[in-house]
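Residue 683 in our numbering is what sits at position 326 of the sequence shown, and the numbering runs on without skipping anything.
From the three backbone atoms N, C-alpha and C, an ideal C-beta is built for every residue, glycine too.
One structure below.
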Amino acid sequence: MTDLFGTPEPRRPRAHRVSVLVPVAVEAPYTYASDRPLKPGTIVAVPLGTREVLGCVWDDPPDLSIGGNRIREISRIFDAPPLSDDLRRFVDWVAAWTLGSRGMVLRMVLRVPDALVPEAPIKAVRFTGQEPERRTDARARVLEMVRDGMAWSKAGLATAVGVSPSVIDGLMKQGTLEEVLLPPDTAYAVPDPEARPPKLSDAQAHAAESLQAAVTAERFSVSLLDGVTGSGKTEVFLEAVAENLRLGRQSLILMPEISLTNMVIDRIERRFAARPAEWHSAIPPRQRVRVWRGVAEGRVPIVVGARSSLFLPFADLGLVIIDEEHDPAYKQEDRVSYHARDMSIVRGREGNFPVILSSATPSIESRVNADQGRYRRLHLPDRISGAVMPDVTAIDMRHDGPPSGQWISPILAEAARRVLDENRQVLFFLNRRGYAPLTLCRTCGHRFTCPNCSAWLVDHRLRGRLECHHCGHTQPRPDACPECGSVDTLVACGPGVERIAEEVRGLFPERRVMILSSDLPGGTDRLRRELSAIGEGQADIVIGTQLVAKGHTFPLLDLVGVIDADLGLANGDPRAAERTFQLLTQVTGRAGRVGGTGRGMLQSYAPGHPVIRALVSGDREAFYREEIAVRRNAQLPPFGRMAAVIVSGPDKAEAEAHARAFARAAPRSPEVQVLGPAEAALAVLRGRYRFRLLARSARGVDLQAYLRDWIEAAPQPRGGVRRMVDVDPQSFL
Ligand code: ADP
Ligand code: ZN
Ligand code: ZN
């Protein structure tokens, strides 16, 4: 970083003391000296140990007790917009809520150091009006090109005319062309709220008006846009964005799996005649710099982004929308463990602007908040323009299953055949990558497990490898059993998408089959291409994991067959039922979205399960009623609060000993119940042994305060043992 910050400023007496929060794992700002007073929010560079790091002047009072020669000096003040008051309060709030350090939360804001120095202007050449003394043919052609006064880059001009760059140099010497400095390409097309307004249905218009009123109020509020798949929620929330554009304020639209949601970005571009800025992990570095800076300077009116965009330094954020608010991808689990939906609401409260949650299957948390009047609920019960909801049926695999070794029941195969005969598309859904989740030896029973994790290795035939889905370990698939040496005795157990594809090719050899799975080579670009290829009808049968469930419209898709509807219901996660309901509603909702009559078929060994029954009857209200009652009775979220503590270490005994010592240190409280430690379901991960504890309380209890006292009282972990606190855990592995 040092060279980026350039030469330090000339020395002047540094009489002022300022607090600077640095983006490392520290709780409080450090005090530095400065030659002038600095306002909180100013971004600076400071020495830290032997390094120089970025920092932000913070609101805490500086420590005035530090003596003159022990204090270190701010090394640079950046000419970048300061972080706003509400963003700083937000950082403090997220840290307090997640029990992360304030420094680590700030790190999520200051992620793009290159954006702090203005971009260098671009060198260009322009016609001066003075004709050259000698006119060659090449020079004449250049003149023809530049006579209108437009500026060109040297290389661009030479290429456009088809001359060597020396011709351009010659004309510059003559005074015919002059060098000019152009501002870097930072102009963003200005979105026009009136560009292409949709014709909304009555229900849409009603919801849109309500959201627009929330925007014009310029006050904090939360609205839950709750509408079935294909009810036109996107058009509705874009009307709120239009209203916010009219106010001249910035909007942020959060999406899960943003790198794949090209279609939505295209729609936004069409609606406002300008492409929104994107923010996610696949954005190239240069664009990252531009977006960060443009957002900070208020030049970027709309950002469509992944959860991390919540930490962008908006100059005047006036609206946040969380599309698919129920999606588990909004939870970040590493380092600072936060839920972007919940933190968006905090950001709206700190910035005093409205927040919109949108979903076809709202989280139980949001539904309860809406039912209790904390959120405004806007309901879109029907699909747009006559398209009806898919007709969902269950196939009872206990009676109607396929012969052993196959996974598609004759009933589903027959339904698929009829759809294909009408030149419509079929989607087979299985949320499991690879060929088979388990490989074992028929002779000795040996199972292939990960050397680093307590998990089976998944057979990936297309790559010829066995892989761990938890740590990424991979090894070639052997011919012989490593345990007993028998050859050709390894059998694949259970299906993954690759195996379903094999079966489908056998059933429908003449059809075009496409597998969509995030692990296939080619990455995001390939997936984007394939998703649009499917939309255009370039495949007859699609076999996909959960990424097909999200946000795509496939106009030709008529039938969705869920290979294993019970998958995910069986684990001990308190949200198992909710997750399965959401995922299967989303995926069956892909059928018949445009004009048609779609069908969903759920293969299940437990068709009487409440989730399967709710999906088949199409009675989502019944599901919510039942699930909310279950949560209330068991005091599960949102009726109770939870925080998980995960203790892990390379040595099992040490990790377990610390987990026990930590449990013993738990303060006694009539309000908080501490469970564990227990060995985690994923007992070993990346070579670390894992133990879990769970703290539970009623809704109104300050669980964070309890956890802080607990951590204060507990021994520090040693010997490579780590302790991670996960407030409002979403995963229980
Ligand atoms: P949701 O987000 O609720 O699943 P979308 O906003 O994606 O629904 O809308 C589903 C489809 O209906 C899209 O193809 C969209 O372009 C179309 N659509 C939405 N609103 C209207 C409308 N008012 N008139 C015509 N088509 C619409
Ligand atoms: Zn064997
Ligand atoms: Zn592993």
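- In the displayed model, residue 713 falls within a strand according to three-state DSSP.
- The C-beta distance from residue 1049 to residue 1001 rounds to 6 angstroms, short enough to fall under 8 angstroms.
- Taking one beta carbon from each stretch, the segment 765-772 and the segment 970-988 have fewer than 3 pairs nearer than 8 angstroms; the two do not touch.
- In this structure, residue 439 lies near residue 396, with their beta-carbon atoms less than 8 angstroms apart.
- Going by DSSP, residue 612 is part of no alpha helix (DSSP H) at all; its letter is neither H nor E.
- DSSP places residue 999 inside the beta strand (DSSP E), whose first and last residues are 997-1006.
- Sorted by chain position, residues whose beta-carbon lies closer than 5 angstroms to a non-hydrogen atom of ligand 3 are 807, 809, 810, 825, 827, 828 and 830.
- If you draw a straight line from the Cα of residue 1086 to the Cα of residue 841, it comes to about 42 angstroms.
- When rounded, the separation of the alpha-carbon atoms in residue 724 and residue 584 is 12 angstroms.
- If you draw a straight line from the Cα of residue 878 to the Cα of residue 638, it is about 18 angstroms long.
- Ranked by Cα distance from residue 830, the first of 848, 818, 807 and 851 is 807.
- With a 10 Å radius around the Cβ and a threshold of 16 neighbouring Cβ atoms, residue 887 comes out buried.
- Here residue 1063 carries a helix assignment [DSSP, helix/strand/coil].
- Taking non-hydrogen atoms of ligand 1 into account, the C-beta of residue 592 is found less than 7 angstroms away from one of them.
- Annotation for residue 850 indicates a beta carbon at 7 angstroms or more from all heavy atoms of ligand 2.
- Relative to ligand 1, the beta carbon of residue 557 is positioned inside 7 angstroms of a heavy atom.
- Distances from the CB of residue 803 to the heavy atoms of ligand 2 include at least one below 7 angstroms.
- For residue 852, the CB contacts under 6 angstroms within the same chain, skipping 5 residues up- and downstream, are 764 in chain order.
- For residue 553 and residue 592, the gap between their C-alpha atoms comes out near 11 angstroms.
- For residue 516, the enclosing alpha helix (DSSP H) stretches over residues 511-518.
- In the three-state DSSP reduction, residue 892 falls in the helix class (H, G or I).
- For residue 455, the Cβ stays outside the 7 angstroms cut-off from all heavy atoms of ligand 2.
- In the three-state reduction of the DSSP assignment, residue 649 falls in the helix class, which pools H, G and I.
- Excluding the 5 residues flanking it on each side, residue 860 has same chain C-beta neighbours closer than 7 angstroms at 763, 764 and 765, in chain order.
- Look at residue 846: its beta carbon is less than 7 angstroms from one of the heavy atoms in ligand 2.
- Annotated three-state conformation of residue 672 is coil, per DSSP.
- Between the C-alpha atoms of residue 380 and residue 586 there is a straight-line separation of about 41 angstroms.
- Leaving aside the five residues that flank residue 1036 on each side, the residues in its chain whose CB is nearer than 7 angstroms to its CB run, in chain order, 1048.
- Inter-segment contact for the segment 772-786 and the segment 812-819 is absent: fewer than three beta-carbon pairs are separated by less than 8 angstroms.
- Taking C-beta separations shorter than 6 angstroms and ignoring five residues to either side along the sequence, the partners of residue 496 in its chain run 489, following chain order.
- Taking non-hydrogen atoms of ligand 2 into account, the C-beta of residue 843 is found less than 7 angstroms away from one of them.
- An exposed status is given to residue 867, since fewer than 16 other beta-carbon atoms sit within 10 Å of its beta-carbon.
- At least one heavy atom of ligand 2 lies less than 7 angstroms from the C-beta of residue 840.
- The alpha-carbon of residue 649 is positioned some 6 angstroms away from that of residue 472.
- Checking the 7 angstroms criterion, the Cβ of residue 413 is out of range of every heavy atom belonging to ligand 2.
- In the structure shown, residue 396 falls within a coil segment according to DSSP collapsed to helix, strand and coil.
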